[in-house]
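*Asks:* Attaching a single structure in structure tokens format; questions to follow.
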Amino acid sequence: MASVTSVVLVEDLVLLRDGLTRLLSTNGFEIAAAVDTGPAFLEAVDAHHPDVAVVDVRLPPTFTDEGLHAAIQARHRHPGFPVLILSQYVEQLYARELLSDGEGGVGYLLKDRVGDVRQFVEAVQRVADGGTAMDPEVISQILARRSRRPQLAELTPREREVLALIAEGRTNAAIARSLVITTKAVSKHIAHIFDKLGLPPSDDNNRRVLAVLAYLNSNT
Amino acid sequence: MSIVPTHPLSKRRPASGGRRVAGRRTWAAVRCAGGLLAGGFIALAAIPLLVLGLGTLVISPLGDLGAPFLAVTTWLVRPLARAERLRVRVITGVPVAEAYRPLRGSLAARVRTLLSDIGTWRDLGWLLVQVVAGGVGLAFLAAAVVGPLFMAAVPAQFLRGAGDGKVLELLPLGAFFAAVGWSGCSPVAKALAALSGQMLEPDETARLRAQMEHLAETRDETVDARAAELRRIERDLHDGAQARLVSLTMSLGMAEEEFDRDPGAARQLVVEARASARAALSELRHLVRGIHPPVLTERGLGGAVEALALASAVPVEVDVALDERLPAPLESALYFVIAEAMANIARHSEAGWAFVRLWPEPGKLRLIVHDDGHGGADPARGSGLRGIGSRLAAFDGKFTLSSPVGGPTELFAELPWPQ
Numbered sequence: 174m175a176s177v178t179s180v181v182l183v184e185d186l187v188l189l190r191d192g193l194t195r196l197l198s199t200n201g202f203e204i205a206a207a208v209d210t211g212p213a214f215l216e217a218v219d220a221h222h223p224d225v226a227v228v229d230v231r232l233p234p235t236f237t238d239e240g241l242h243a244a245i246q247a248r249h250r251h252p253g254f255p256v257l258i259l260s261q262y263v264e265q266l267y268a269r270e271l272l273s274d275g276e277g278g279v280g281y282l283l284k285d286r287v288g289d290v291r292q293f294v295e296a297v298q299r300v301a302d303g304g305t306a307m308d309p310e311v312i313s314q315i316l317a318r319r320s321r322r323p324q325l326a327e328l329t330p331r332e333r334e335v336l337a338l339i340a341e342g343r344t345n346a347a348i349a350r351s352l353v354i355t356t357k358a359v360s361k362h363i364a365h366i367f368d369k370l371g372l373p374p375s376d377d378n379n380r381r382v383l384a385v386l387a388y389l390n391s392n393t
Numbered sequence: 194m195s196i197v198p199t200h201p202l203s204k205r206r207p208a209s210g211g212r213r214v215a216g217r218r219t220w221a222a223v224r225c226a227g228g229l230l231a232g233g234f235i236a237l238a239a240i241p242l243l244v245l246g247l248g249t250l251v252i253s254p255l256g257d258l259g260a261p262f263l264a265v266t267t268w269l270v271r272p273l274a275r276a277e278r279l280r281v282r283v284i285t286g287v288p289v290a291e292a293y294r295p296l297r298g299s300l301a302a303r304v305r306t307l308l309s310d311i312g313t314w315r316d317l318g319w320l321l322v323q324v325v326a327g328g329v330g331l332a333f334l335a336a337a338v339v340g341p342l343f344m345a346a347v348p349a350q351f352l353r354g355a356g357d358g359k360v361l362e363l364l365p366l367g368a369f370f371a372a373v374g375w376s377g378c379s380p381v382a383k384a385l386a387a388l389s390g391q392m393l394e395p396d397e398t399a400r401l402r403a404q405m406e407h408l409a410e411t412r413d414e415t416v417d418a419r420a421a422e423l424r425r426i427e428r429d430l431h432d433g434a435q436a437r438l439v440s441l442t443m444s445l446g447m448a449e450e451e452f453d454r455d456p457g458a459a460r461q462l463v464v465e466a467r468a469s470a471r472a473a474l475s476e477l478r479h480l481v482r483g484i485h486p487p488v489l490t491e492r493g494l495g496g497a498v499e500a501l502a503l504a505s506a507v508p509v510e511v512d513v514a515l516d517e518r519l520p521a522p523l524e525s526a527l528y529f530v531i532a533e534a535m536a537n538i539a540r541h542s543e544a545g546w547a548f549v550r551l552w553p554e555p556g557k558l559r560l561i562v563h564d565d566g567h568g569g570a571d572p573a574r575g576s577g578l579r580g581i582g583s584r585l586a587a588f589d590g591k592f593t594l595s596s597p598v599g600g601p602t603e604l605f606a607e608l609p610w611p612q
């Protein structure tokens with residue numbers, strides 16, 4: 174078992190910063206630093222070499238999307254550096270930007286999800302391990318759009334459920350648990366989905382997630 | 194040789210160009226002749242009104258009969274003046290503003306407004322000018338038409354032996370009329386139109402007054418819309434997030450009581466509390482999007498419209514050609530106009546494709562929202578289109594909707610943008 178996962182927390186609201194610090198440290202994470210601006214975040218990453226950063230989108234001084242820019246910059250400096258973005262709302266546009274470098278270790282969740290402690294902690298750990306955690310709302314936004322691809326319409330309702338869970342970043346075991354089916358059934362669904370969408374089959378969970386997200390996110 | 198294919202083309206060009214110039218000249222002649230003719234008709238219609246107006250001016254001191262009579266006369270002048278404004282605009286290309294004071298209230302009040310409006314008296318002055326100018330125009334036109342007829346008729350008469358040598362002397366006269374008539378037609382038509390345009394153009398006070406009335410009207414609309422918006426937000430908060438938070442507090446309070454007695458029940462209450470909190474957050478998120486979408490704050494109009502397009506059920510191409518952020522109120526108004534247009538496309542058009550284009554031009558911003566749906570959208574129906582109108586009106590902007598049955602539908606908006 175590796176050492177404790179260290180986290181840099183970037184959140185400007187004291188109430189939420191303290192709450193997240195408490196939540197993560199009681200669940201076995203080590204808080205390397207808790208800061209409130211983009212530049213301080215980049216400094217903390219250089220100083221502490223954390224395993225993952227949890228970043229609020231909106232930060233001072235502009236209170237726009239500074240957190241997102243800082244996260245992209247951090248990943249530019251340290252390719253693949255795991256970042257979990259938290260926001261009061263999710264925007265497909267931002268998800269696309271986060272995913273554009275094609276590397277794993279990306280999360281984008283609504284702040285509401287913090288309420289489900291177990292799932293949230295799992296998501297932080299998954300991102301720290303190089304996996305993906307996309308908010309179900311991002312996925313449902315993408316799937317709700319009348320698709321430019323007829324292939325999506327060929328999926329059965331069950332296959333669509335599985336596709337949404339893959340896109341969120343769940344493992345086969347987690348998908349099986351969530352849908353109350355066997356992992357073998359999950360594998361079969363996934364094989365069908367990849368076949369219908371014309372995606373190359375892959376056993377690497379993370380590569381699979383990125384392929385699905387890239388597929389869903391593309392416009393053409 | 195390589196130049197061979199281009200040779201015929203280069204030869205053909207001047208010929209077709211020449212034809213085009215000739216075509217343009219003919220068209221210009223027809224247009225100015227039509228303009229003079231129309232001006233003459235308007236002058237003919239102006240004569241009885243002028244007589245009526247001057248007549249009532251003479252009898253008006255005699256008693257109560259004068260004022261209403263004069264009012265009716267001047268009221269009849271207005272449609273004629275409107276026709277003349279249109280004619281002047283067609284001929285000179287310069288629009289002539291109309292700035293009468295709005296007629297409201299009782300009949301007596303209307304009559305009073307009508308008679309105290311400086312535009313009414315300018316119109317009477319215009320009648321006089323129009324009668325003269327229209328007559329001059331008709332005379333000119335007559336020369337232009339009669340001259341050539343003369344030229345054709347005289348030799349014919351001469352050949353038949355009906356006239357003597359003297360008839361031939363009239364030939365240069367005909368040629369002179371024809372030449373003056375046709376070459377002078379366009380400038381004369383323009384000069385006469387400009388003259389009557391000047392008479393009809395409202396003076397500064399009238400224009401300012403009309404502008405003020407317009408501003409007051411759009412301000413009222415904006416204030417009303419703002420108030421309605423606040424009422425909606427208040428109601429949404431009251432029935433939504435606030436109610437959820439109350440229920441959350443209740444669940445937590447009951448859980449506190451139950452902890453010692455029945456931990457299982459307490460846990461259930463905490464789960465319910467969390468569900469309430471989650472629902473409240475989701476409702477607040479919805480509400481915030483409706484007030485001012487965060488992505489608009491963060492990315493400006495271009496990014497926000499792109500986000501809208503990504504979430505749209507219909508594929509939408511976005512081209513927002515702005516180098517800088519617009520002022521926040523304008524940004525927000527345009528965002529909601531585009532959002533409304535895109536929602537209409539998704540809801541009604543059955544379009545397979547749409548595009549949004551926003552670009553600056555000197556002094557204004559232009560917006561087009563186009564879809565390839567089945568068309569037939571009626572701007573008179575639907576509060577959404579009314580909302581678009583009032584949002585734009587707050588910035589002196591306006592929009593038109595073109596939606597023939599069978600499509601495509603195109604919303605075209607324009608607003609002043611001093612840049």
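If you read the protein sequences in the order shown, they are chains F and L. Under the numbering used here, think of the first position of the first sequence as 174, with each following residue one higher. Under the numbering used here, think of the first position of the second sequence as 194, with each following residue one higher. Virtual Cβ for every residue (Gly too), placed ideally from N, Cα, C.
Please check if any C-beta of chain F sits within less than 8 Å of the C-beta of residue 283 of chain L.
*Replies:* The residue given as residue 283 of chain L occupies position 90 in the second sequence. Residue 283 of chain L does not count as touching chain F.
*Asks:* Within a Cβ cutoff of 6 Å, which residues of the same chain sit near residue 595 of chain L, ignoring the five residues on either side of it in sequence?
*Replies:* As a working note, residue 595 of chain L is residue 402 in the second sequence. The answer, listed in chain order, is 603.
*Asks:* DSSP three-state call for residue 588 of chain L: helix, strand or coil?
*Replies:* To locate residue 588 of chain L, count along the second sequence from 1; it is residue 395. Residue state, collapsed to three classes: coil.
*Asks:* List the residues of chain L whose Cβ lies closer than 9 Å to the Cβ of residue 314 of chain F, in chain order.
*Replies:* Residue numbering aside, residue 314 of chain F sits at position 141 when the first sequence is read from its first letter. Simply 503 and 504.
*Asks:* Report the option in L:611, L:371 and L:321 whose CA atom is closest to the CA atom of residue 243 of chain L.
*Replies:* What you label residue 243 of chain L is simply residue 50 of the second sequence in a count that begins at 1. Taking only the C-alpha atoms, the option nearest residue 243 of chain L is L:321.
*Asks:* Which one of L:229, L:442, L:547 and L:264 has the shortest CA to CA distance from residue 245 of chain L?
*Replies:* As a first step, residue 245 of chain L must be located in the second sequence, where it is residue number 52. With distances taken between Cα atoms, residue 245 of chain L lies closest to L:264.
*Asks:* At what residues does the alpha helix (DSSP H) containing residue 309 of chain F begin and finish?
*Replies:* Indexing the first sequence from 1 puts residue 309 of chain F at position 136. Looking at the DSSP string, the run of the alpha helix (DSSP H) that includes residue 309 of chain F is 309-317.
*Asks:* What separation, rounded to the nearest whole angstrom, lies between the Cα atoms of residue 547 of chain L and residue 281 of chain F?
*Replies:* By 1-based counting over the second sequence, the position of residue 547 of chain L is 354. By 1-based counting over the first sequence, the position of residue 281 of chain F is 108. Answer to the nearest angstrom: the Cα atoms are 29 Å apart.
*Asks:* Just confirm the distance between the C-beta atoms of residue 232 of chain F and residue 260 of chain F, as a whole number of angstroms; I'd bet it's less than 8 Å.
*Replies:* By 1-based counting over the first sequence, the position of residue 232 of chain F is 59. By 1-based counting over the first sequence, the position of residue 260 of chain F is 87. With a Cβ gap of about 11 Å, residue 232 of chain F and residue 260 of chain F do not count as contacting.
*Asks:* Nearest-angstrom Cα distance between residue 616 of chain L and residue 364 of chain F?
*Replies:* This structure cannot settle anything about residue 616 of chain L, because the visible part of chain L is limited to 194 through 612.
*Asks:* Starting from the beta carbon of residue 264 of chain F, find every residue of chain L whose beta carbon is closer than 7 Å, and list them in chain order.
*Replies:* Counted from its first residue, the first sequence places residue 264 of chain F at position 91. Neighbours of residue 264 of chain F on chain L, chain order: 488 and 500.
*Asks:* When burial is assigned at 16 or more other CB atoms within 10 Å of the CB, is residue 606 of chain L buried or exposed?
*Replies:* Numbered from its first residue, the second sequence carries residue 606 of chain L at position 413. Its Cβ being crowded by 16 or more others within 10 Å, residue 606 of chain L is buried.
*Asks:* Please name the residue in F:199, F:203, F:193 and F:246 whose C-alpha comes closest to that of residue 213 of chain F.
*Replies:* Along the first sequence, read from residue 1 onward, the residue named residue 213 of chain F stands at position 40. Cα-wise, what sits closest to residue 213 of chain F is F:246.
*Asks:* Starting from residue 474 of chain L, find everything on chain F with Cβ-Cβ shorter than 9 Å and list it in chain order.
*Replies:* Here the question's residue 474 of chain L lines up with position 281 in the second sequence. Those within 9 Å of residue 474 of chain L in chain F are 261, 283, 284, 285 and 288.
*Asks:* Output yes if chain F places a C-beta closer than 8 Å to the C-beta of residue 594 of chain L; else output no.
*Replies:* Taking the second sequence and counting its residues from 1, the one referred to as residue 594 of chain L is at position 401. Closer than 8 Å: no.
*Asks:* Rounded to whole angstroms, what is the Cα-Cα separation between residue 194 of chain F and residue 326 of chain F?
*Replies:* Against the first sequence, residue 194 of chain F aligns to sequence position 21. Against the first sequence, residue 326 of chain F aligns to sequence position 153. Whole-angstrom Cα-Cα distance: 43 Å.
*Asks:* Does the contact criterion of 3 or more C-beta pairs under 8 Å hold for the region 311-328 of chain L versus the region 387-395 of chain L?
*Replies:* Verdict: yes, contact present.
*Asks:* Apply the 10 Å Cβ neighbour rule to residue 265 of chain F and answer buried if 16 or more other Cβ atoms are within range, or exposed otherwise.
*Replies:* Residue mapping note: residue 265 of chain F aligns to position 92 of the first sequence, counting from 1. Residue 265 of chain F comes out buried.
*Asks:* Could you tell me the distance, in whole angstroms, from the CA atom of residue 516 of chain L to the CA atom of residue 482 of chain L?
*Replies:* As a first step, residue 516 of chain L must be located in the second sequence, where it is residue number 323. As a first step, residue 482 of chain L must be located in the second sequence, where it is residue number 289. The alpha-carbon atoms of residue 516 of chain L and residue 482 of chain L are separated by roughly 25 Å.
*Asks:* Going along chain F in order, which residues have a C-beta closer than 7 Å to the C-beta of residue 496 of chain L?
*Replies:* As a position in the second sequence, residue 496 of chain L is number 303, starting the count at 1. Here the neighbours are 266.
*Asks:* With DSSP collapsed to three states, give me the class of residue 550 of chain L.
*Replies:* On the second sequence, position 357 is the one that residue 550 of chain L refers to. Looking at residue 550 of chain L - three-state DSSP - the assignment turns out to be strand.
*Asks:* Put residue 194 of chain L into one of helix, strand or coil per three-state DSSP.
*Replies:* Here residue 194 of chain L refers to the residue found at position 1 when the second sequence is read from its first residue. Low per-residue confidence applies at residue 194 of chain L: pLDDT is 37, beneath 50, and the placement is therefore not dependable, though the value from the model is reported in the following sentence. Looking at residue 194 of chain L - three-state DSSP - the assignment turns out to be coil, as it is neither helix nor strand.
*Asks:* For a contact meaning CB atoms closer than 7 Å, what does residue 478 of chain L contact in chain F?
*Replies:* On the second sequence, residue 478 of chain L is found 285 positions in, with the first residue counted as 1. Ordered by position in chain F, the residues that pass the 7 Å Cβ test against residue 478 of chain L are 261 and 262.
*Asks:* In terms of residue numbering, what span does the beta strand (DSSP E) encompassing residue 357 of chain F cover?
*Replies:* Locating residue 357 of chain F in the first sequence gives position 184, counting from the first residue. Residue 357 of chain F -> not in any beta strand (DSSP E); alpha helix (DSSP H) instead, spanning 356-370.
*Asks:* By Cβ distance below 6 Å, which residues in the same chain neighbour residue 226 of chain F in space, the five residues on each side in sequence not counted?
*Replies:* Counting from one through the first sequence, the residue named residue 226 of chain F turns up at place 53. 181 and 256.
*Asks:* Closest by CA to residue 297 of chain F, which one among F:254, F:324 and F:311?
*Replies:* The residue you call residue 297 of chain F lines up with position 124 of the first sequence. Checked all of F:254, F:324 and F:311; the closest Cα to residue 297 of chain F is F:254.
*Asks:* At a Cβ threshold of 8 Å, is residue 210 of chain F touching chain L?
*Replies:* Your numbering for residue 210 of chain F matches position 37 in the first sequence. Output row for residue 210 of chain F: interface = no.
*Asks:* Just confirm the distance between the C-beta atoms of residue 243 of chain F and residue 228 of chain F, as a whole number of angstroms; I'd bet it's less than 8 Å.
*Replies:* Position 70 of the first sequence, counted from the start, is the residue given in the question as residue 243 of chain F. Position 55 of the first sequence, counted from the start, is the residue given in the question as residue 228 of chain F. Right, their Cβ atoms sit about 7 Å apart.
*Asks:* On the DSSP bridge list, what partners appear for residue 602 of chain L?
*Replies:* As a working mapping, residue 602 of chain L is identified with position 409 in the second sequence. Per DSSP, L:564.
*Asks:* Please list, in chain order, the chain F residues whose beta carbon lies closer than 7 Å to that of residue 491 of chain L.
*Replies:* Numbered from 1 along the second sequence, position 298 holds the residue referred to as residue 491 of chain L. Under the 7 Å cutoff, chain F gives 237 and 238.
*Asks:* What separation, rounded to the nearest whole angstrom, lies between the Cα atoms of residue 609 of chain L and residue 555 of chain L?
*Replies:* Looking up residue 609 of chain L in the second sequence gives position 416. Looking up residue 555 of chain L in the second sequence gives position 362. Answer to the nearest angstrom: the Cα atoms are 9 Å apart.
*Asks:* CB-CB under 6 Å to residue 551 of chain L, same chain, minus the five flanking residues each way: which ones, in chain order?
*Replies:* Taking the second sequence and counting its residues from 1, the one referred to as residue 551 of chain L is at position 358. Here the set comprises 513 and 560.
*Asks:* Let me know the alpha helix (DSSP H) ranges lying completely inside the region 475-528 of chain L, each 4 residues or longer, listed in chain order.
*Replies:* DSSP runs (the alpha helix (DSSP H)) wholly in the region 475-528 of chain L: 487-504.
*Asks:* Have a look at residue 224 of chain F and residue 202 of chain F and give me their C-alpha separation to the nearest angstrom.
*Replies:* For the purposes of this step, residue 224 of chain F is taken as the residue at position 51 of the first sequence. For the purposes of this step, residue 202 of chain F is taken as the residue at position 29 of the first sequence. Cα to Cα, the separation comes out at about 10 Å.
*Asks:* As an exercise, report each continuous alpha helix (DSSP H) stretch of at least 4 residues that is fully enclosed by the region 429-469 of chain L, in chain order.
*Replies:* You should have 434-454.
*Asks:* Let's see if you can read the secondary structure: which residues bound the beta strand (DSSP E) around residue 206 of chain F?
*Replies:* For the purposes of this step, residue 206 of chain F is taken as the residue at position 33 of the first sequence. Residue 206 of chain F -> beta strand (DSSP E) spans 203-208.
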